[in-house]
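> Please see the structure below; I have some questions.
Numbering (the working numbering), first residue to last: 8 to 808.
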């Protein structure tokens, strides 16, 4: 049972309660209003401060390119000639179109590295083409330099240049006056400012002109450029590609796409024509060489036949060569057979055991004996496998093997001698055929070589003549490989910022932040929060719950509930229970009084109740005072005894009576009635103060006078309540508890650590205190916790408050 309760307590302490978080959110609704308002305001301000970005796109069809890369040209020459109809696909062309060289050319032609801006209400604005009142030509400034200045119109064509910066140097105190069309000297060189005759509408008074390094703007536009196949599907096999540019100026984005297509097309035509010219030069060079070679070969062949007077050299040479080849093949076959026989002979001579099989040869007689020999080997291995090395059949098999080995060697000797004789005969015949071939071999070889050269050079010559004509035709009819399918266009709604999305994101963030803070707030509270923590973690009965007054709920700046400091007197100290009062605190003590009466067995003697706690400042004295008052109001005769002989907590709330409990226990006063004081708040409530704080409280409580006193007052009162010190500080409570009927343990929200709940359960399980019950004190009301809402509902709504 103890383990179960401890586990339950730990789970309660660590688990997150979603309902509690929900009530906390409801209680702190104004947090959400403030957070959402701030987040949405920041999001809206972000939208206003963000420069709009527009998207423009165009679609083009790339026609197949037959000769784009030199590497592919070489492959075509090796496979099927110089020209080819194969398509390389669009991926290479997309990379070329988005290359730095192409984009740099576009930026230079459009002069995009010079930007014109002005200060807007929330963000800077851009001027371009028709909205631009003038243009600036930088005469001496290099492309890789950065310069900036502000142009201010003064009227009558006069202008003022100020806020000048060049590289890392700022010339804010410097200003230059001039006029449109003049050559003006600046720290970075000369410039000419020209009026734009196509300007429409009004323009800002002050316009900033910025000359960016060429490569910086090239990289900027490269990052804004996106080229995809089809509609962006990577698996698409369409030859149509989409060119997308995102820019702050929609017209500039459209012009950039158009110029990009033009620059790419010009580059493609230039590259193709250069390739055609190179190809033509190469073909003409090769044709000249081949013409000279063909003339030389034809002359040699005519001279050769005429000098030798041999019209048919090929027939004689062919017969002699064929016969000679047949003899050579026969000799080669015989030598192979001889080699195999010698190999077998060597195996038989060098054999160390009788378990090796012999290879076959090309001799039928020898192969037959080898087969029988191998069969005996297999038989011998079987005998060894069955009977081992001592098998009686081995001697007979070994004798046969020796016989066959000798026979095979003799056969090989005969076969090799016969082969040598045949080889000698064939070689004699070969010498005869060689002599026949020797009569005209050089003539035949030379003539054949010349014929082959003539055929090859003639075929190449005809092929190159054909390709030269095709190359000339392709140059005459060269067309662009780009066809515009869809001109640059796009919506006038910017793709950035997205007001709805940004504001919704701010709304979500503004909603999440308070939840996160409240969640951290909830999990960071390690002290007792209210009755639910006790109910979830223990099996100890609870006889009452006393809420904290709303005005007494102390919070930090961020709404975190402050802990009650140990040792501090209860902030609601004193008797607050009054007859006829129906406020929240009075109702709480009435409920507690009802539970006490229900749990107490009334008889002729008083019910003795001990009130204690773990921590100082838990409100024992406050609970004791008001519990006694609530019972007294109902007509019960109640005696409240200040059992804390060390601090006299209860006695401090009564200004009359300087002698009391300690004086009776040490024997100074024998008449107890002289020490008991009747409360001014109720005639049924009596108080026994501590009196003089003794030096030996423990010994006094253990004395017989204590037992005698308790026996006496039990017969005179209905309830006796003893306000005792905390149990972990002194042993006084354990001594007094022996005279009690019930023990009320006060736990205060915001003070007691939840980690002590298992210790409280253990005290209850070990039965250290009689009829132990709990009183939950200081539950926070209207603090955002479900405990507070529960009280607000129970005591406010139900009873009319």
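Even glycine gets a Cβ: it sits at the ideal position worked out from N, Cα and C.
Measure the beta-carbon distance from residue 658 to residue 667 and round it to whole angstroms, keeping in mind my assumption that it falls under 8 Å.
Numbered from 1 along the chain shown, position 651 holds the residue referred to as residue 658. Numbered from 1 along the chain shown, position 660 holds the residue referred to as residue 667. About 7 Å separates the two Cβ atoms, so the contact holds.
> If you run the structure through DSSP and keep just helix, strand and coil, what is residue 382?
Here residue 382 corresponds to residue number 375 of the chain shown, with the count starting at 1. Correct three-state label for residue 382: helix.
> Using the three-state DSSP reduction, which class does residue 682 fall into: helix, strand or coil?
Residue numbering aside, residue 682 sits at position 675 when the chain shown is read from its first letter. DSSP places residue 682 in coil when its eight states are reduced to three.
> Check whether the Cβ atoms of residue 637 and residue 597 lie closer than 8 Å to each other.
For the purposes of this step, residue 637 is taken as residue 630 along the chain shown, with counting starting at 1. For the purposes of this step, residue 597 is taken as residue 590 along the chain shown, with counting starting at 1. Against a cut-off of 8 Å, the Cβ pair of residue 597 and residue 637 comes out as a contact.
> Looking only at C-alpha atoms, which of 131, 357, 331 and 743 sits nearest to residue 57?
For this step, residue 57 is matched to residue 50 along the chain shown. Looking at the Cα atoms, 131 is the closest of the given residues.
> Please report the distance separating the alpha-carbon of residue 344 from that of residue 421.
The residue you call residue 344 lines up with position 337 of the chain shown. The residue you call residue 421 lines up with position 414 of the chain shown. In a straight line, the C-alpha of residue 344 is about 13 Å away from that of residue 421.
> Given residue 398, which residues of its chain have a CB within under 8 Å of its CB, disregarding the five upstream and five downstream residues?
The residue labelled residue 398 in the question sits at position 391 within the chain shown. Correct list, in chain order: 390 and 391.
> What is the DSSP secondary structure of residue 693, counted as helix, strand or coil?
Taking the first residue of the chain shown as 1, we reach residue 693 at position 686. Strand.
> Give the range of the alpha helix (DSSP H) segment to which residue 536 is assigned.
As a working note, residue 536 is residue 529 in the chain shown. It is not in any alpha helix (DSSP H) - residue 536 carries neither H nor E in the DSSP assignment.
> Quick one: measure Cβ to Cβ for residue 655 and residue 692, integer angstroms, because I've assumed they're closer than 8 Å.
The sequence position of residue 655 within the chain shown is 648, counting from 1. The sequence position of residue 692 within the chain shown is 685, counting from 1. Residue 655 to residue 692, Cβ: 18 Å. No contact.
> Could you name each continuous beta strand (DSSP E) segment of 3 residues or more that falls completely within the region 173-255, going from the start of the chain to the end?
Runs found: 176-178, 183-186, 190-193, 196-202, 213-218, 232-236 and 247-254.
> Exposed or buried, residue 6, counting other C-beta atoms within 10 Å across all chains shown (16 or more means buried)?
Within the shown structure, residues of the chain are numbered from 8 to 808, placing residue 6 beyond reach of any answer.
> Quick test of your reading: residue 145 and residue 521, contact by CB under 8 Å. State the CB separation rounded to the nearest angstrom.
Counted from its first residue, the chain shown places residue 145 at position 138. Counted from its first residue, the chain shown places residue 521 at position 514. Contact doesn't hold; Cβ gap of about 55 Å is too wide.
> By Cβ distance, which residues of its chain are closer than 6 Å to residue 284, with the 5 residues on each side in sequence left out?
Within the chain shown, numbered from 1, the residue matching residue 284 stands at position 277. The answer is none, since no qualifying residue turns up.
> Write down every uninterrupted run of the beta strand (DSSP E) in the region 687-736 whose length is 3 residues or greater and which is fully enclosed by it, in chain order.
List check, beta strand (DSSP E) in window: 692-695 and 726-730.
> Taking just the CA atoms, how far does residue 622 sit from residue 758?
Start at 1 with the first residue of the chain shown, and residue 758 comes out as number 751. Start at 1 with the first residue of the chain shown, and residue 622 comes out as number 615. Taking the straight line joining both Cα atoms gives about 8 Å.
> Let's see if you can read the secondary structure: which residues bound the beta strand (DSSP E) around residue 632?
For this step, residue 632 is matched to residue 625 along the chain shown. No beta strand (DSSP E) contains residue 632, which is instead part of the alpha helix (DSSP H) from 627-640.
> According to DSSP, simplified to helix, strand and coil, what is residue 457?
Counting from one through the chain shown, the residue named residue 457 turns up at place 450. In this structure, residue 457 counts as helix in the three-state DSSP scheme.
> Pull up the distance between the alpha-carbon of residue 335 and that of residue 305, whole angstroms please.
Residue numbering aside, residue 335 sits at position 328 when the chain shown is read from its first letter. Residue numbering aside, residue 305 sits at position 298 when the chain shown is read from its first letter. Answer to the nearest angstrom: the Cα atoms are 36 Å apart.
> Between the beta-carbon of residue 728 and the beta-carbon of residue 634, is there less than 8 Å?
Translated into the one-based positions of the chain shown, residue 728 becomes position 721. Translated into the one-based positions of the chain shown, residue 634 becomes position 627. Result yes, Cβ atoms of residue 728 and residue 634 sit closer than 8 Å.
> If you draw a straight line from the C-alpha of residue 712 to the C-alpha of residue 25, how long is it?
The sequence position of residue 712 within the chain shown is 705, counting from 1. The sequence position of residue 25 within the chain shown is 18, counting from 1. So the two alpha carbons sit approximately 55 Å from each other.
> Please check the pair residue 538 and residue 549, which I expect to be a contact at CB under 8 Å, by giving their CB distance rounded to whole angstroms.
As a position in the chain shown, residue 538 is number 531, starting the count at 1. As a position in the chain shown, residue 549 is number 542, starting the count at 1. The pair is a contact, with the Cβ atoms about 6 Å apart (cut-off 8 Å).
> Considering just the uninterrupted stretch of the beta strand (DSSP E) at residue 100, what are its terminal residues?
Taking the chain shown and counting its residues from 1, one reaches residue 100 at position 93. That residue, residue 100, is in no beta strand (DSSP E); its alpha helix (DSSP H) goes 98-104.
> How many Å lie between residue 61 and residue 510 at the Cα?
Along the chain shown, read from residue 1 onward, the residue named residue 61 stands at position 54. Along the chain shown, read from residue 1 onward, the residue named residue 510 stands at position 503. Distance between the alpha carbons of residue 61 and residue 510 is about 20 Å.
> Out of curiosity, what's the CA-to-CA distance linking residue 606 and residue 527?
Numbered from 1 along the chain shown, position 599 holds the residue referred to as residue 606. Numbered from 1 along the chain shown, position 520 holds the residue referred to as residue 527. Taking the straight line joining both Cα atoms gives about 40 Å.
> DSSP on residue 784, reduced to helix/strand/coil?
Your numbering for residue 784 matches position 777 in the chain shown. If DSSP states are grouped into helix, strand and coil, residue 784 belongs with the strands.
> Please name the residue or residues paired with residue 645 in a DSSP beta bridge.
On the chain shown, residue 645 is found 638 positions in, with the first residue counted as 1. According to DSSP, residue 645 bridges with 692 and 726.
> Spell out whether any CB of chain D is found under 8 Å from the CB atom of residue 778.
In the structure shown, chain D does not exist; there is a single protein chain.
> Among 219, 161, 547 and 226, which residue has its Cα nearest to the Cα of residue 148?
As a working note, residue 148 is residue 141 in the chain shown. If we check each option's Cα against that of residue 148, 219 comes out closest.
> Taking the Cβ atom as the reference point for each residue, do residue 46 and residue 514 lie within a distance shorter than 8 Å?
Locating residue 46 in the chain shown gives position 39, counting from the first residue. Locating residue 514 in the chain shown gives position 507, counting from the first residue. Going by C-beta atoms, residue 46 is nearer than 8 Å to residue 514.
> Are residue 475 and residue 296 close, meaning C-beta to C-beta below 8 Å?
Taking the first residue of the chain shown as position 1, residue 475 is located at position 468. Taking the first residue of the chain shown as position 1, residue 296 is located at position 289. No, the Cβ-Cβ distance between residue 475 and residue 296 is not below 8 Å.
> Could you pull out every residue in the same chain whose Cβ sits closer than 6 Å to the Cβ of residue 717, ignoring the five residues on either side in sequence?
Counting from 1 along the chain shown, the entry for residue 717 is found at position 710. So the qualifying residues of the chain are 746.
> Let me confirm a value: residue 302 is counted as buried when at least 16 other C-beta atoms fall within 10 Å, else exposed. Which label applies?
If you number the chain shown from 1, residue 302 lands on position 295. Its Cβ having fewer than 16 others within 10 Å, residue 302 is exposed.
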